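Enquirer:
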Amino acid sequence: MTELTTAPGRPPGAPADPGRRPRKQGRASRPRRPIPTEFRTAVSPHQLNSRRGRTVYWTVLVTVVTGFTAVFVFPLYWMVTGAMKSTEDLLRIPPSLLPPRFTLEAYLEAWELLDLGLLLGNTALYAGGAWLFTLAIDVTAAYALSKLRPVLGRLVLGLMLATLMIPPMVIMLPAYLTVKDLPILGWDLLNTPWAIWLPAAANGFNIFLLKRFFDSIPGELLEAAEIDGASPGRILWSIVMPVSRPILGVVSILTVVNVWRDFVWPLLVLPDNEKMSVSIGIASLSAQMPQNVLIASLVIASIPTIVVFFVFQRQIMAGLTAGGLKG
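Residue 86 in the UniProt record's numbering sits at position 86 of the sequence shown; the count goes up by one each step and never skips.
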């Protein structure tokens, strides 16, 4: 005679708990990964953790990233391949995505017809000089406003930022008259690189960016250098400049790209054909050349800025996300 064993608290012969499901035999189910729920979202975290939710998530993510990438890359692709087509192929409707044959004849013709070597050399001279003057003037001005704290520093900074509210076309005529007859000295800077270098260095936005970064540098670091006998210039060169490489990279890229792509200001101050920048040279001869040669010249003119971006993209992203030093 066998004895029936029952769970404590349950009378003999009573059925098992109807609300409790029997456990499955075999391999235990893997526990789900917990999802933080600090923020309320449009999709429930439990739905997102399911197989269907992950599938929808990755599908939407890949579609959006691919779509935005195609939107930004397609104009560059169309410009590069358009130079390999003839004028008839460019005007064909509907347009073809691939050229009939891959050739560099239009690029060679554009290089010889426009004398792009001279134009690119002029533009590189203007961009390089503007970069040097920007670092020399804007860095020292931002350092003085941030760390030296002059008496009217806030007023000067406010006036610099006020210039950003003025449209560039409004100040173009006063700037042109200033370059044509430099105050006090009376020099005429037209048809000289100084007409590009000096206005590019007088940039209130760059000074503001540099000042904000210098403000985040710990004052204890500079005070320690002062105790050791370092002068303000020595502190700027040996301490502030090395730790400010990210923001200096951003300011450098902005300066070079702005000078390289500028059109209206070089058109006013550089009327000589031998001293034109690449954008003015291409625009002045655009009506006298085939369309594929024009597109090829635009591709060649844009290559330096694209190369500079890809070479210094790490410094650019570090400068945009850097918040200074942690003491």
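Cβ coordinates follow ideal geometry from the N, Cα and C atoms, glycine included.
Note that the structure is a prediction, hence the values are computed from the model and not measured.
Quick one: Cα of PHE102 to Cα of LYS85, how far?
Expert: Using only the alpha carbons, I get a separation of about 8 Å.
Enquirer: Three Cβ pairs or more, each shorter than 8 Å: is that satisfied between the region 260-280 and the region 116-129?
Expert: Result yes; three or more Cβ-Cβ pairs closer than 8 Å.
Enquirer: If ILE295 and GLY82 are in contact, beta carbons under 8 Å, what's the gap, nearest whole angstrom?
Expert: The pair is a contact, with the Cβ atoms about 5 Å apart (cut-off 8 Å).
Enquirer: In the DSSP assignment, find the alpha helix (DSSP H) that holds VAL64 and state where it starts and stops.
Expert: Residues 51-82.
Enquirer: If contact is defined by three or more beta carbon pairs under 8 Å, each pair taking one atom from either stretch, is the region 128-135 in contact with the region 158-172?
Expert: Touching, no.
Enquirer: Going by DSSP in three states, SER86 sits in which element: helix, strand or coil?
Expert: Residue state, collapsed to three classes: coil.
Enquirer: List, from N- to C-terminal side, the alpha helix (DSSP H) runs of 4 residues or more that fit wholly inside the region 187-260.
Expert: As far as the region 187-260 is concerned, its whole alpha helix (DSSP H) runs of at least 4 residues are 194-201, 204-215, 219-227, 232-235.
Enquirer: Closer than 6 Å by C-beta to LYS211: which residues in its own chain qualify, once you throw out the five before and the five after it? Chain order, please.
Expert: Within the same chain, LYS211 has close Cβ partners ALA142, LEU145, SER146.
Enquirer: Return yes when the Cβ of ASN203 is within less than 7 Å of the Cβ of ASP272, no when it is not.
Expert: Their beta carbons are not under 7 Å apart, which means ASP272 does not touch ASN203 by this criterion.
Enquirer: Here's the rule I'm using: 16 or more other beta-carbon atoms within 10 Å means buried, otherwise exposed. How should PHE74 be labelled?
Expert: Under this definition PHE74 is an exposed residue.
Enquirer: Is it buried or exposed for ASP181, if we count other Cβ within 10 angstroms and need 16 for buried?
Expert: So ASP181 ends up on the exposed side.
Enquirer: Could you tell me the distance, in whole angstroms, from the CA atom of ARG245 to the CA atom of SER231?
Expert: Between ARG245 and SER231, the C-alpha separation is close to 21 Å.
Enquirer: Using the beta-carbon count (16 or more within 10 Å), is TYR77 buried or exposed?
Expert: TYR77 should be labelled exposed.
Enquirer: Considering only the alpha carbon of each residue, which of VAL256, GLU274, PRO266 lies closest to ILE306?
Expert: Among VAL256, GLU274, PRO266, the Cα nearest to that of ILE306 is on VAL256.
Enquirer: Is the beta carbon of VAL259 closer than 7 Å to that of TYR126?
Expert: Against a cut-off of 7 Å, the Cβ pair of VAL259 and TYR126 comes out as a contact.
Enquirer: DSSP on VAL151, reduced to helix/strand/coil?
Expert: Correct three-state label for VAL151: coil.
Enquirer: Roughly how many angstroms separate the alpha carbons of MET160 and PHE205, rounded to a whole number?
Expert: Those two C-alpha atoms are separated by around 8 Å.
Enquirer: Is the Cβ-Cβ distance between THR87 and GLN288 less than 7 Å?
Expert: The answer is no: Cβ separation not under 7 Å.
Enquirer: Where ALA283 and ASN49 are concerned, what is the direct C-alpha to C-alpha distance, given to the nearest angstrom?
Expert: Answer to the nearest angstrom: the Cα atoms are 56 Å apart.
Enquirer: Counting along the chain, where does the alpha helix (DSSP H) carrying PHE102 start and finish?
Expert: First-last for PHE102: undefined, no H or E at that position.
Enquirer: Just checking my contact of VAL240 with ILE207 at CB under 8 Å: how many whole Å lie between their CB atoms?
Expert: Not confirmed; about 14 Å, so no contact.
Enquirer: Which stretch, first to last residue, makes up the alpha helix (DSSP H) that contains PHE310?
Expert: Residues 291-311.
Enquirer: Is DSSP giving LEU182 helix, strand or coil here?
Expert: Looking at LEU182 - three-state DSSP - the assignment turns out to be coil, as it is neither helix nor strand.
Enquirer: Does the Cβ-Cβ distance between ALA201 and VAL179 come in under 7 Å?
Expert: In this structure, VAL179 does not lie closer than 7 Å to ALA201 by Cβ.
Enquirer: What separation, rounded to the nearest whole angstrom, lies between the Cα atoms of ALA7 and ARG51?
Expert: With a pLDDT of 48 at ALA7, under the threshold of 50, the modelled position of this residue cannot be trusted; read the value that follows with caution. Those two C-alpha atoms are separated by around 39 Å.
Enquirer: Where do the ends of the alpha helix (DSSP H) carrying ILE282 lie?
Expert: Segment 278-284, the alpha helix (DSSP H) holding ILE282.
Enquirer: Which same chain residues end up closer than 6 Å to TRP111 when comparing Cβ atoms and leaving out the 5 residues on each side of it in sequence?
Expert: Taken in chain order, the list of residues that qualify is empty.
Enquirer: Return helix, strand or coil for MET169, following the three-state DSSP convention.
Expert: Three-state DSSP puts MET169 in a helix.
Enquirer: Starting from ILE137 and walking both ways along the alpha helix (DSSP H), at which residues does that stretch end?
Expert: Residues 116-143.
Enquirer: The alpha helix (DSSP H) with PRO266 in it runs from where to where?
Expert: Here the alpha helix (DSSP H) through PRO266 covers 264-269.
Enquirer: In the structure shown, what three-state DSSP assignment does LEU91 receive?
Expert: Coil.
Enquirer: Can you tell me whether DSSP reads LEU113 as helix, strand or coil?
Expert: Helix at LEU113.
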